[in-house]
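So the sequence shown is numbered by our numbering: it starts at 2 and just counts up by one. All C-beta atoms in this analysis are idealised placements derived from N, C-alpha and C, irrespective of residue type, glycine included. Notes follow the structure.
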Amino acid sequence: MLKGLDPLLTPDLLWALSAMGHGDTLAVVDANYPAHALHDRVITTAGADMGAAVRAIASVFPVDTSVEPAVAAMVPEGGATAPIASHDVVARALAAAEGREVPIEPVPRHDFYARAKGAFAVVLTGELSGYACFVLTKGVTMGAVVPD
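If you want it as structure tokens, here you go:
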């Protein structure tokens, strides 16, 4: 274990987040998403709900500011007819971590699968609610300084 890091940030997840370059994408998906069938690099956070997983990731992951929107969220084909709770949870977690509102683009389910296919890695959570799937675009850390 390391000090100051959320325990959901496993060695495999930290490696993936660190290895990603700016503009790379990360899919963070619910337990219903066919991650192992569609992707080679799947990192499991079994038991973690979407809010906990995104809060942990966002604590070390800069969301891109040069691509708008830098976050995509799965919605039903034809669009959502009611608010999707996980979308609000993720929006709040990203805003808290980034210190700004982070726009989230609704993407129909089949288009989402195509977009997620290009992700550097997929984080498979234990989230059980439907349409709790997101693609985050990594940004850059400007002027990061290591303390003395």
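Handout entry: For Lys4, three-class secondary structure by DSSP
Key = Taking the first residue of the sequence shown as position 1, residue 4 is located at position 3. Note: Lys4 maps to coil in three-state DSSP.
Exercise for the section: Please specify which runs of the alpha helix (DSSP H), each continuous and at least 4 residues long, are wholly inside the stretch 82-117, giving them in chain order. Expected result: 86-99
Practice task
Give the secondary structure of Val141 by DSSP, where H, G and I count as helix, E and B as strand, and everything else as coil.
Solution key: As a first step, residue 141 is located in the sequence shown; it is residue number 140 there, counting from the start. Residue state, collapsed to three classes: coil.
Practice task
For Thr26, collect the residues of the same chain with a Cβ closer than 6 angstroms to its Cβ; drop the 5 residues on either side in sequence, then sort them by chain order.
Solution key: By one-based count along the sequence shown, residue 26 stands at place 25. Closer than 6 angstroms at Cβ, skipping near neighbours: Ala120, Val136 and Thr138.
Problem - Of the residues Val103, Gly140 and Tyr34, the one placed nearest Ala73, counting alpha carbons only - result: Taking the first residue of the sequence shown as 1, we reach residue 73 at position 72. Of the listed residues, the one whose Cα sits closest to Ala73 is Val103.
Problem - Proximity below 8 angstroms, CB of Ile58 to CB of Leu6 - result: Indexing the sequence shown from 1 puts residue 58 at position 57. Indexing the sequence shown from 1 puts residue 6 at position 5. Contact: no.
Exercise for the section: Please look up how many angstroms separate the CB atoms of Ser60 and Ala98, rounded, as I've assumed it's under 8 angstroms. Expected result: On the sequence shown, position 59 is the one that residue 60 refers to. On the sequence shown, position 97 is the one that residue 98 refers to. Confirmed, about 6 angstroms.
Exercise for the section: Take Arg42 and list the residues in its own chain whose beta-carbon comes closer than 6 angstroms to its own, dropping the five residues that flank it on each side. Expected result: For the purposes of this step, residue 42 is taken as the residue at position 41 of the sequence shown. Taken in chain order, the residues that qualify are Ala122.
Exercise for the section: Classify Val55 as helix, strand or coil using the three-state DSSP reduction. Expected result: Walking along the sequence shown from the start, residue 55 turns up at place 54. It is helical.
Exercise for the section: State the CB to CB distance for the pair Thr126 and Asp31, rounded to an integer number of angstroms; the pair is presumed to be in contact (CB under 8 angstroms). Expected result: Taking the sequence shown and counting its residues from 1, the one referred to as residue 126 is at position 125. Taking the sequence shown and counting its residues from 1, the one referred to as residue 31 is at position 30. Between Asp31 and Thr126 the Cβ distance is about 6 angstroms, and since that is below 8 angstroms, they are a contact.
Exercise for the section: Determine the extent of the beta strand (DSSP E) in which Ala73 is found, giving its start and end residues. Expected result: Mapped onto the sequence shown, residue 73 falls at position 72. Here the beta strand (DSSP E) through Ala73 covers Val72 to Val76.
Problem - Residue of Met51, Ala71, Val90 and Met21 minimising C-alpha distance to Arg116 - result: Indexing the sequence shown from 1 puts residue 116 at position 115. Nearest option by C-alpha distance: Ala71.
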